[in-house]
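Here the structure comes first, spelled out in structure tokens, and everything after it is commentary.
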Amino acid sequence: MNTSKTLCFDIKGIQECQQNRYPQLFIDNITDVVPGKSAKGFKNFTYNEWFFPAHFEGDPNVPGHIQVECLVQTFIMTFLCLEPYKGMKTNFVKMDNVLFKRKIIPGERLEIRAVLDSFKRGMAKGSAESYVGEEIACRADFLITLPDVLESFKPRKK
Amino acid sequence: MTNLEKYNKAFIESFNIGKDKLDGLKYQDIIAWDSVGHMQLMTELEEEFNVELDIDDITDFSSYEEGKTILLKYEVNLDI
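Residue numbers (the numbering used here), protein chains in the order written: chain A, 1 to 158; chain B, 1001 to 1080.
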């Protein structure tokens, strides 16, 4: 595969690459994907989102775990767009250096920039940052696995 | 640092265990040596000894002792 080519994915394309579905799929579209290297994701938050009435009444803002999901759903597109891994299930292993810098409210658009530092034998390491305009909203480092790939590398005997 | 010290360090850092736990240690003897821990150990060893382990050697690498034999195939002698 030519890894210098950049790719874009609409919601249909995203669902072909990853297994997250409504109400757990948050990102709207993915652009500027350099397969095996980086990706950019976007999420438009409207008051229609299921969580705003509950988080919180009178002060609706995006819960932290959903912000992290937006980061990781963009991050996994950096390798799930590669043909052998398309559609595979992913597992969280580790999250480090998580920072929340800004409240996100209805009507705002989140831009997520993800970078894949290494991808080997079903283990992906990297990071993602999200922005509202030029302001950073949140960031995290990730270690994610593809359990189906990892399985083929585990010791055969104990 | 000797090769054996480097080898031990890879286990100690990958699994966050003491040196006294290494002799006789096998895959899944401890919680940390699961399939994810195994990949972390393989990566540590590859970086430490500047080698690229073959898939068959990765799946044969089932114990602390077995690993010493496997690394010999990559000209990593742990007696040095």
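Cβ coordinates follow ideal geometry from the N, Cα and C atoms, glycine included.
Source: prediction; values computed, not measured.
Three-state secondary structure assigned by DSSP to B/Phe1018
Here residue 1018 of chain B refers to the residue found at position 18 when the second sequence is read from its first residue. A small fix is needed here, since residue 1018 of chain B is Gly in this sequence, not Phe. Here B/Gly1018 sits in coil by DSSP.
When A/Phe153, A/Ser127 and A/Pro147 are compared against A/Ser38, the one with the closest alpha-carbon:
In the first sequence, the residue the question calls residue 38 of chain A occupies position 38. The residue with the shortest Cα to Cα distance from A/Ser38 is A/Ser127.
Cβ of B/Met1001 less than 7 Å from any chain A Cβ?
Residue numbering aside, residue 1001 of chain B sits at position 1 when the second sequence is read from its first letter. Not closer than 7 Å to any Cβ of chain A, the Cβ of B/Met1001 fails to qualify, so no.
Alpha helix (DSSP H) runs wholly inside the stretch 1020-1072 of chain B, at least 4 long, in chain order:
Counting whole runs of 4 or more residues, the stretch 1020-1072 of chain B contains the alpha helix (DSSP H) stretches 1035-1049, 1055-1060 and 1064-1072.
Assign B/Met1001 to one of two classes, buried (16 or more other C-beta atoms within 10 Å of its C-beta) or exposed (fewer than that).
To locate residue 1001 of chain B, count along the second sequence from 1; it is residue 1. Its Cβ having fewer than 16 others within 10 Å, B/Met1001 is exposed.
Taking Cβ-Cβ distances below 8 Å as the criterion, which residues of the stretch 57-82 of chain A are in contact with chain B?
From the stretch 57-82 of chain A, no residue has a Cβ closer than 8 Å to chain B.
Contact belief for A/Ile112 with A/Ser130 at Cβ below 8 Å, rounded distance in angstroms
Mapped onto the first sequence, residue 112 of chain A falls at position 112. Mapped onto the first sequence, residue 130 of chain A falls at position 130. At roughly 5 Å, the Cβ-Cβ gap stays under 8 Å, so A/Ile112 and A/Ser130 are in contact.
Any beta carbon of chain A sitting closer than 7 Å to that of B/Ile994?
Because residue 994 of chain B is not part of the residues shown, which for chain B are 1001 to 1080, the question remains open.
I'd like to know if the stretch 70-79 of chain A and the stretch 136-143 of chain A are in contact, where contact means that at least 3 CB-CB pairs between them fall below 8 Å.
yes
Buried or exposed: which applies to A/Pro53, given that a residue is buried once 16 or more other Cβ atoms fall within 10 Å of its Cβ?
Taking the first sequence and counting its residues from 1, the one referred to as residue 53 of chain A is at position 53. Answer is exposed; the Cβ neighbour count stays below 16.
Three-way DSSP call (helix, strand, coil) for A/Glu151 in this model:
In the first sequence, residue 151 of chain A corresponds to position 151, counting from 1. Of the three classes helix, strand and coil, the one that applies to A/Glu151 here is helix, per DSSP.
Pull out every residue of the stretch 1015-1042 of chain B whose Cβ sits closer than 7 Å to any Cβ of chain A, in chain order.
Here the close residues are Lys1026, Tyr1027, Gln1028, Ser1035, Val1036, His1038 and Met1039.
Using a Cβ cut-off of 8 Å, pull out every chain B residue sitting near A/Phe153, in sequence order please.
Reading the first sequence from its first residue, position 153 is the one you call residue 153 of chain A. Those are Ser1035, His1038, Met1039, Met1042, Ile1055, Ile1058 and Thr1059, listed as they occur along chain B.
On the criterion of 16 or more Cβ atoms from any shown chain inside 10 Å, does A/Gln19 qualify as buried, or is it exposed?
Numbered from 1 along the first sequence, position 19 holds the residue referred to as residue 19 of chain A. The Cβ neighbour count for A/Gln19, taken over all protein chains shown within 10 Å, is under 16; the residue is labelled exposed.
Across which residues does DSSP place A/Leu110 in a beta bridge pair?
Working through the first sequence from its first residue, we reach residue 110 of chain A at position 110. According to DSSP, which records beta bridges pairwise, A/Leu110 is partnered with A/Lys43.
Expected contact under 8 Å - CB spacing of A/Ile66 and A/Phe51 to nearest Å
One-based indexing of the first sequence puts residue 66 of chain A at position 66. One-based indexing of the first sequence puts residue 51 of chain A at position 51. Rounded, the Cβ-Cβ distance is 6 Å, consistent with contact.
Bridge partner(s) assigned by DSSP for A/Met95
Against the first sequence, residue 95 of chain A aligns to sequence position 95. Beta-bridge pairing links A/Met95 to A/Phe142.
Out of A/Gly107, A/Arg121, A/Asp10 and A/Lys125, which has the shortest C-alpha to C-alpha gap to A/Ala114?
Indexing the first sequence from 1 puts residue 114 of chain A at position 114. Per the Cα distances, A/Lys125.
By the criterion of Cβ-Cβ separation under 7 Å, what are the contact partners of A/Met123 in chain B?
Along the first sequence, read from residue 1 onward, the residue named residue 123 of chain A stands at position 123. Correct list: Met1039.
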